[in-house]
């Protein structure tokens, strides 16, 4: 394969939140993002419904919670990480309206910026 690896870029608040996750989780997530940067899709990444094509979520189960990272592959040349958060299981597996709204707003602002 002669495809070049795409850069991984972070929206600052997403990087700050990512750095708060446990080290083992960061390593797994970075490995999945590297697969995306190389043009693939990690087994732990899945399309995030309602966000348009090219937006994926990585969810790492941890006890009864999950660490989640949302990234976009169809914005400019980079893989863009738009949100990282620790989802507490207060209402099952559904992502909260606050988190969904935050992701949508960041995607809109990022598209405008690029």
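Numbering (this note's numbering), first residue to last: 274 to 387.
The beta-carbon is built from N, C-alpha and C at its ideal position, and this holds for glycine as well.
When the five nearest sequence neighbours on each side are left out, the beta carbons in the same chain lying within less than 6 Å of the beta carbon of residue 349 are those of 387, in order along the chain. Using a Cβ-Cβ distance cut-off of 8 Å, the stretch 307-315 and the stretch 376-384 are not in contact, since fewer than three pairs of beta carbons, one from each stretch, lie closer than that value. When rounded, the separation of the alpha-carbon atoms in residue 356 and residue 329 is 11 Å.
For residue 375, the enclosing alpha helix (DSSP H) covers residues 370-386.
Between the C-alpha atoms of residue 303 and residue 367 there is a straight-line separation of about 23 Å.
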